[in-house]
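Heads up: the structure comes next, in structure tokens.
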Amino acid sequence: ETGVTQTPRHLVMGMTNKKSLKCEQHLGHNAMYWYKQSAKKPLELMFVYNFKEQTENNSVPSRFSPECPNSSHLFLHLHTLQPEDSALYLCASSQDISGNTIYFGEGSWLTVV
Amino acid sequence: ELKVEQNPLFLSMQEGKNYTIYCNYSTTSDRLYWYRQDPGKSLESLFVLLSNGAVKQEGRLMASLDTKARLSTLHITAAVHDLSATYFCAVGAPIQGAQKLVFGQGTRLTINP
Numbered sequence: 013e014t015g016v017t018q019t020p021r022h023l024v025m026g027m028t029n030k031k032s033l034k035c036e037q038h039l040g041h042n043a044m045y046w047y048k049q050s051a052k053k054p055l056e057l058m059f060v061y062n063f064k065e066q067t068e069n070n071s072v073p074s075r076f077s078p079e080c081p082n083s084s085h086l087f088l089h090l091h092t093l094q095p096e097d098s099a100l101y102l103c104a105s106s107q108d109i110s111g112n113t114i115y116f117g118e119g120s121w122l123t124v125v
Numbered sequence: 019e020l021k022v023e024q025n026p027l028f029l030s031m032q033e034g035k036n037y038t039i040y041c042n043y044s045t046t047s048d049r050l051y052w053y054r055q056d057p058g059k060s061l062e063s064l065f066v067l068l069s070n071g072a073v074k075q076e077g078r079l080m081a082s083l084d085t086k087a088r089l090s091t092l093h094i095t096a097a098v099h100d101l102s103a104t105y106f107c108a109v110g111a112p113i114q115g116a117q118k119l120v121f122g123q124g125t126r127l128t129i130n131p
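Those sequence lines, one after another, are chains A and B.
If you're matching positions, the first sequence starts at 13 in my numbering and goes up one per residue.
If you're matching positions, the second sequence starts at 19 in my numbering and goes up one per residue.
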């Protein structure tokens with residue numbers, strides 16, 4: 013248990029569906045992240061939020077839409093995804109840039125059919 | 019562009035043996051992270067290395083950082099089956115109060131009795 017909770021753990025969606033992934037951290041951290049892990053690529057950063065402000069969008073397609081209503085919650089809204097978007101989506105959080113550990117959630121396994 | 023390369027990508031070894039995983043990166047950084055991932059699970063933080071010459075040990079694992087050579091190593095001593103997992107190194111880069119991680123491809127370690 014890292015203090016970063018993701019729901020749902022597994023999601024199957026059609027290409028025309030709209031769904032959302034949720035992440036909540038109970039660690040009092042200021043920064044939250046979405047990472048994507050697929051079979052064919054190394055773990056890659058998608059979005060970074062610091063104190064609710066987005067500080068990085070790593071050229072992610074607009075069919076992925078993040079939302080950070082406060083420092084403890086992060087969402088990833090999904091719309092008209094493609095089968096190649098099937099992957100493990102990992103949320104993470106950290107406190108400032110002093111080299112503290114970055115904690116990852118258990119991940120949400122997404123399958124697009 | 020920061021690139022991180024691990025080798026080997028696959029490693030099969032016998033219990034009781036020693037081995038080293040190497041992590042090379044392409045641009046200057048003084049933050050290096052090691053994570054462990056079990057199949058179907060999230061990333062577990064092992065070590066955070068913050069300065070040149072840093073060495074940290076936990077049980078049978080020891081990590082070191084040489085920022086001049088842009089190299090980190092994860093050394094496994096007298097391996098046991100429980101250490102079978104995929105190990106990732108990641109280089110940290112600060113982004114406005116947060117920390118962007120660029121990951122290596124991962125090293126899948128299998129330890130045989």
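Beta carbons: idealized from backbone N, C-alpha and C, even for Gly.
Here His38 of chain A carries a coil assignment [DSSP, helix/strand/coil]. Close to chain B, meaning a Cβ-Cβ distance shorter than 7 Å, are the following residues of the segment 78 to 110 of chain A: Leu102, Ser106, Asp108 and Ile109. Within a 10 Å sphere around the beta-carbon of Asp100 of chain B sit fewer than 16 other beta-carbons, which makes this residue exposed.
Nearest Cα to Leu90 of chain A within the set A:Pro20, A:Glu118, A:Thr67 and A:Ser84: A:Pro20.
Per DSSP, Glu79 of chain A is one residue of the beta strand (DSSP E) stretching across Phe76 to Asn82. Comparing C-alpha distances from Ser74 of chain A to each of A:Met58, A:Phe63 and A:Asn82 shows the shortest one belongs to A:Met58. Shown here, Leu101 of chain B sits in a helix according to DSSP, grouped into three states. A direct Cα-to-Cα measurement between Ser106 of chain A and Ala116 of chain B gives close to 7 Å. Using a CB distance below 8 Å, the part of the segment 34 to 46 of chain A facing chain B consists of Asn42, Ala43 and Tyr45, ordered along the chain. Contact check for Gln18 of chain A against Cys103 of chain A passes: the beta carbons are separated by less than 9 Å. Interface with chain B (9 Å Cβ-Cβ cutoff): Leu122 of chain A is excluded. Residue pairing by DSSP places Thr123 of chain A opposite A:Val24 in a beta bridge. Chain B has a Cβ within less than 9 Å of the Cβ of Gly117 of chain A. When only Cα atoms are considered, Val98 of chain B and Trp121 of chain A end up about 29 Å apart. Within its own chain, the residues whose Cβ lies closer than 7 Å to the Cβ of Ala99 of chain A, once the five positions on either side in sequence are excluded, are Lys48, Gln49, Ser50 and Leu122, listed in chain order. Rounded to the nearest angstrom, the gap between the Cα atoms of Lys53 of chain A and Phe106 of chain B is 13 Å.
Judged by DSSP secondary structure, Val72 of chain A falls outside any beta strand (DSSP E); it is assigned neither H nor E. When the beta-carbon positions are compared, Lys59 of chain B and Gly119 of chain A come within less than 9 Å of each other. A residue is called buried when at least 16 other Cβ atoms come within 10 angstroms of its Cβ; Thr85 of chain B meets this threshold and is buried.
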